[in-house]
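Residue numbers (this note's numbering): 1 to 147.
Beta carbons are placed, not taken as given, at the ideal position from N, Cα and C, and that holds for glycine.
As the structure is a computational prediction, the values presented were derived from the model and not from experiment.
This report concerns only the one structure given below.
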């Protein structure tokens with residue numbers, strides 16, 4: 001794994017497509033977010049993400065702000081990733097395994113505009129892995145409650 005990349009994985013007892021459908025629905029991102037920073041989906045977002053789709057979120061980290069994202073990787077049922085102006089990627093990869101689907105969430109700053117050292121100094125590494133673990137837990141819990 002490249003320096004600075006953070007990944008967490010969890011096996012979720014659900015089909016990959018069901019998980020992918022949640023991730024491809026930007027309206028659900030505030031519910032699934034384990035970091036508590038995604039507060040609301042912006043109006044005008046597509047109902048379902050696809051390669052090149054743009055979507056916005058109302059965020060909160062130190063103060064409220066808005067962010068615009070673009071889907072930069074997309075393989076139906078298997079992989080989706082997006083980035084914002086800084087070009088860091090948030091990626092989800094889905095792999096069928098015994099008992100369900102292995103879901104791997106990755107924060108990849110190697111594609112970004114800012115040095116990994118700067119991102120580390122801002123405290124993102126300290127927060128990202130626990131937040132990502134909670135996101136995967138939220139996905140699992142959402143599926144249990146809604147299927």
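Taking 8 Å as the cut-off, decide whether the C-beta atoms of residue i and residue j are in contact.
{"i": "residue 26", "j": "residue 41", "result": "yes"}
{"i": "residue 35", "j": "residue 110", "result": "no"}
{"i": "residue 12", "j": "residue 128", "result": "no"}
{"i": "residue 51", "j": "residue 74", "result": "yes"}
{"i": "residue 58", "j": "residue 66", "result": "yes"}
{"i": "residue 68", "j": "residue 89", "result": "no"}
{"i": "residue 140", "j": "residue 8", "result": "no"}
Distance, Cα to Cα, residue i vs residue j?
{"i": "residue 43", "j": "residue 29", "result": "13 Å"}
{"i": "residue 21", "j": "residue 77", "result": "8 Å"}
{"i": "residue 107", "j": "residue 130", "result": "12 Å"}
{"i": "residue 105", "j": "residue 32", "result": "12 Å"}
{"i": "residue 138", "j": "residue 56", "result": "21 Å"}
{"i": "residue 46", "j": "residue 71", "result": "11 Å"}
{"i": "residue 80", "j": "residue 146", "result": "22 Å"}
{"i": "residue 38", "j": "residue 100", "result": "27 Å"}
{"i": "residue 83", "j": "residue 24", "result": "14 Å"}
{"i": "residue 135", "j": "residue 60", "result": "16 Å"}
How far does the alpha helix (DSSP H) with residue i in it reach, from first residue to last?
{"i": "residue 18", "result": "16-23"}
{"i": "residue 30", "result": "29-32"}
I need the boundaries of the beta strand (DSSP E) containing residue i, first residue and last residue.
{"i": "residue 94", "result": "89-97"}
{"i": "residue 7", "result": "6-12"}
{"i": "residue 68", "result": "64-75"}
{"i": "residue 40", "result": "38-41"}
{"i": "residue 81", "result": "79-83"}
{"i": "residue 102", "result": "100-108"}
{"i": "residue 54", "result": "54-60"}
Between residue i and residue j, how many whole angstroms is the CB-CB distance? I'm expecting something under 8 Å.
{"i": "residue 87", "j": "residue 112", "result": "5 Å"}
Okay, do the region 95-104 and the region 9-27 touch, 3+ Cβ pairs below 8 Å being the bar? yes
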